[in-house]
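Student:
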Amino acid sequence: MSRKMFNIAVAGATGAVGNEMIRGLESRNFPVKNLKLLASKRSVGRTLKFQGEDIAVEELTAEAFKGVDIALFSAGGGPSLEFAPKAAAAGCVVVDNSSAWRMDPEVPLVVPEANAHAIAGYVKKGIIANPNCSTIQMLVALTPIHRKYGIRRIVVSTYQAVSGTGKKAIDELLDQTRAMLHFMDVPRKVYPHRIAFNCLPQIDVFLENGYTKEEMKMVNETRKILEDSSIGVTATTVRVPVFYSHSEAVNVETREAFSMEDIRSLLASAPGLRVVDDPASQRYPMPMDAAGQDDTLVGRIRKDESIENGLNLWIVADNIRKGAATNAIQIAELLAEKYL
Numbered sequence: 002m003s004r005k006m007f008n009i010a011v012a013g014a015t016g017a018v019g020n021e022m023i024r025g026l027e028s029r030n031f032p033v034k035n036l037k038l039l040a041s042k043r044s045v046g047r048t049l050k051f052q053g054e055d056i057a058v059e060e061l062t063a064e065a066f067k068g069v070d071i072a073l074f075s076a077g078g079g080p081s082l083e084f085a086p087k088a089a090a091a092g093c094v095v096v097d098n099s100s101a102w103r104m105d106p107e108v109p110l111v112v113p114e115a116n117a118h119a120i121a122g123y124v125k126k127g128i129i130a131n132p133n134c135s136t137i138q139m140l141v142a143l144t145p146i147h148r149k150y151g152i153r154r155i156v157v158s159t160y161q162a163v164s165g166t167g168k169k170a171i172d173e174l175l176d177q178t179r180a181m182l183h184f185m186d187v188p189r190k191v192y193p194h195r196i197a198f199n200c201l202p203q204i205d206v207f208l209e210n211g212y213t214k215e216e217m218k219m220v221n222e223t224r225k226i227l228e229d230s231s232i233g234v235t236a237t238t239v240r241v242p243v244f245y246s247h248s249e250a251v252n253v254e255t256r257e258a259f260s261m262e263d264i265r266s267l268l269a270s271a272p273g274l275r276v277v278d279d280p281a282s283q284r285y286p287m288p289m290d291a292a293g294q295d296d297t298l299v300g301r302i303r304k305d306e307s308i309e310n311g312l313n314l315w316i317v318a319d320n321i322r323k324g325a326a327t328n329a330i331q332i333a334e335l336l337a338e339k340y341l
């Protein structure tokens, strides 16, 4: 029996995540019949390679989705709000990487390792939302624990790479590092303060409650994906001078008692998760180990001795891959296999 093939579009194809989506479709052998690359008008005419072929970038318009089965969006919130409904109206299923649709009650918010069943809800609007990169990696690790013991509360502090802001932020960290090492004036355009050799406890804008928008994304998305609004979640998100891969210190309080042996067994067998935890040999997850990988890494697994049913984890993942492109492609794979 021949494998069913699909017409795929990547919106925002020239960006970092869009580039990774194209590479991921190829490396994961997604059944692509035709690939359409879409971006803003200024990128029209550029070519990007897919399976050894040069494909010209076309302008992102409503008409571009005619005949497309699945569209992977990484074009930003504004274009997603404008074009995702138009793509869906053309008969295309959109997997959107922006924050535009995540909290819409009629749009599934999916981490395949956590709530693959929610994909079925795409029929309501023809859109599936990709969660925030930090939420994705955290829930890859926490889902098996929640399923068995129930999670009462999560306290998470993130250490997020500059690639989460985009190419301009990557360039800024590089330029600032070079300038400081040569005792030159430090250029600053992307962040409100210097990022080189510094940490910024602000990602996105501050809200009235004192949290940033990024922090509240983690709170609200976690509850939606785990389908439990009673879970207490508090987050502090920090930008650090690392190019790729986000790290997280996660403290969890479970509803039921657990054994550390069982926790380690759960994590070792969890899909998409790789345990790197040998303190005696100084082995633990680091951003440089996760960069370029699809797995989420977990280590520093230990009982929180300050509370009953407390657990500490250190979770690291490539924010461009599992935190964005790979998660979207995994959703598309399940769509293709089970629903289209």
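Each number in the working numbering corresponds to the 1-based position in the sequence shown with 1 added. Every residue, glycine too, gets a C-beta built ideally from N, C-alpha and C.
(1) Within the continuous alpha helix (DSSP H) that includes residue 268, where are the two ends?
(2) Give the C-beta separation of residue 324 and residue 137 to the nearest angstrom, bearing in mind that I take them to be a contact with Cβ-Cβ under 8 Å.
(3) Any idea if residue 308 is buried or exposed, counting beta-carbon neighbours within 10 angstroms, 16 or more meaning buried?
(4) Starting from residue 179, trace the beta strand (DSSP E) in both directions and tell me its first and last residue.
(5) Tell me the residue span of the beta strand (DSSP E) that contains residue 51.
(6) For the alpha helix (DSSP H) that residue 309 lies in, which residues bound it at each end?
(7) Could you check if residue 194 is buried or exposed, using at least 16 other CB atoms within 10 Å of its CB as the buried criterion?
(8) To which residues of the same chain is residue 2 closer than 8 Å at the C-beta, ignoring the five residues directly before and after it?
(9) Just to confirm the assignment, what range does the beta strand (DSSP E) spanning residue 236 have?
(10) Counting C-beta neighbours from all protein chains within 10 Å, is the total for residue 99 16 or more, i.e. buried, or is it exposed?
(11) Below 8 Å on the Cβ atoms is my contact criterion, and I expect residue 48 with residue 40 to pass it. Report the Cβ-Cβ distance as a whole number of Å.
(12) So residue 95 and residue 74 are in contact, right, with Cβ under 8 Å, and what is the actual spacing, rounded?
(13) Assign residue 298 to one of two classes, buried (16 or more other C-beta atoms within 10 Å of its C-beta) or exposed (fewer than that).
(14) How big is the Cα-Cα spacing for residue 392 and residue 38?
(15) Suppose you measure from the CA of residue 248 to the CA of residue 256; what does that come to, to the nearest Å?
(16) Give me the DSSP bridge partner(s) of residue 303.
(17) Residue 24 lies in the beta strand (DSSP E); which residues open and close that run?
(18) For residue 155, collect the residues of the same chain with a Cβ closer than 6 Å to its Cβ; drop the 5 residues on either side in sequence, then sort them by chain order.
(19) Looking at the unbroken alpha helix (DSSP H) that takes in residue 135, where does it start and where does it end?
(20) For residue 274, tell me which candidate among 184, 320, 304 and 295 has the shortest Cα-Cα distance.
(21) Cutting at 6 Å between CB atoms, please list the residues of its own chain near residue 88, excluding the five before and the five after it.
(22) Would you grab the beta carbon distance between residue 178 and residue 162 for me? Rounded to a whole angstrom, and I think it's under 8 Å.
(23) Are residue 112 and residue 226 close, meaning C-beta to C-beta below 8 Å?
(24) Identify every run of the beta strand (DSSP E) within the stretch 39–81, keeping only runs that are complete inside it and at least 3 residues long; order them along the chain.
(25) Nearest to residue 50 by CA position, among 61, 20 and 289, is which residue?
(26) Identify every residue that forms a DSSP beta bridge with residue 158.
(27) For residue 340, which option in 123, 186 and 192 has the closest C-alpha, if you only look at C-alpha atoms?
(28) Does DSSP put residue 9 in a helix, in a strand, or in coil?
Tutor: With the given structure in hand:
(1) As a first step, residue 268 must be located in the sequence shown, where it is residue number 267. 261–270 is the extent of the alpha helix (DSSP H) around residue 268.
(2) As a working note, residue 324 is residue 323 in the sequence shown. As a working note, residue 137 is residue 136 in the sequence shown. Residue 324 to residue 137, Cβ: 5 Å. Contact.
(3) Here residue 308 refers to the residue found at position 307 of the sequence shown. Exposed, by the Cβ-count rule.
(4) On the sequence shown, residue 179 is found 178 positions in, with the first residue counted as 1. No beta strand (DSSP E) holds residue 179; the alpha helix (DSSP H) holding it covers 168–182.
(5) Position 50 of the sequence shown, counted from the start, is the residue given in the question as residue 51. First-last of the beta strand (DSSP E) with residue 51: 48–51.
(6) Stepping through the sequence shown from its first residue, residue 309 is reached at position 308. Neither: residue 309 is in no alpha helix (DSSP H) and is coded neither H nor E.
(7) Here residue 194 is taken as the residue at index 193 of the sequence shown, counted from 1. That one is exposed.
(8) Residue 2 sits at position 1 when you count from the first residue of the sequence shown. Confidence at residue 2 is low in this model, with a pLDDT of 39, below 50, so the placement of that residue is unreliable and no value is reported for it.
(9) Position 235 of the sequence shown, counted from the start, is the residue given in the question as residue 236. Residues 233–240.
(10) As a working note, residue 99 is residue 98 in the sequence shown. Classification for residue 99: buried.
(11) Mapped onto the sequence shown, residue 48 falls at position 47. Mapped onto the sequence shown, residue 40 falls at position 39. Their Cβ separation, rounded to whole angstroms, is 12 Å, which puts residue 48 and residue 40 out of contact at 8 Å.
(12) On the sequence shown, residue 95 is found 94 positions in, with the first residue counted as 1. On the sequence shown, residue 74 is found 73 positions in, with the first residue counted as 1. Confirmed, about 6 Å.
(13) What you label residue 298 is simply residue 297 of the sequence shown in a count that begins at 1. The residue is buried, with at least 16 neighbouring Cβ atoms inside 10 Å.
(14) Limits of the chain in this structure are 2 at one end and 341 at the other, which puts residue 392 out of reach.
(15) Within the sequence shown, numbered from 1, the residue matching residue 248 stands at position 247. Within the sequence shown, numbered from 1, the residue matching residue 256 stands at position 255. Each residue's Cα considered, the two are about 25 Å apart.
(16) Here residue 303 is taken as the residue at index 302 of the sequence shown, counted from 1. Looking at the DSSP assignment, residue 303 forms a beta bridge with 313.
(17) As a first step, residue 24 is located in the sequence shown; it is residue number 23 there, counting from the start. First-last for residue 24: 17–28, but that is the alpha helix (DSSP H), not the beta strand (DSSP E).
(18) Here residue 155 refers to the residue found at position 154 of the sequence shown. Answer for residue 155: 234 and 253, listed in chain order.
(19) Counting from 1 along the sequence shown, the entry for residue 135 is found at position 134. Annotation: the continuous alpha helix (DSSP H) that includes residue 135 extends over 134–150.
(20) For the purposes of this step, residue 274 is identified with residue 273 of the sequence shown, where counting begins at 1. Nearest of 184, 320, 304 and 295 to residue 274, Cα basis: 295.
(21) By 1-based counting over the sequence shown, the position of residue 88 is 87. Same-chain partners within the cutoff: 66, 72 and 95.
(22) Here residue 178 is taken as the residue at index 177 of the sequence shown, counted from 1. Here residue 162 is taken as the residue at index 161 of the sequence shown, counted from 1. Not a contact, Cβ separation roughly 14 Å.
(23) Sequence index remark: in the sequence shown, residue 112 carries index 111 (1-based). Sequence index remark: in the sequence shown, residue 226 carries index 225 (1-based). Taking a C-beta distance under 8 Å as the contact criterion, residue 112 and residue 226 qualify as a contact pair.
(24) 48–51, 54–60 and 71–74
(25) Reading the sequence shown from its first residue, position 49 is the one you call residue 50. The shortest Cα separation from residue 50 among 61, 20 and 289 belongs to 20.
(26) Locating residue 158 in the sequence shown gives position 157, where the first residue counts as 1. Per DSSP, 237 and 250.
(27) Against the sequence shown, residue 340 aligns to sequence position 339. It is 123.
(28) Along the sequence shown, one-based indexing puts residue 9 at 8. Reduced to three states, the DSSP call for residue 9 is strand.
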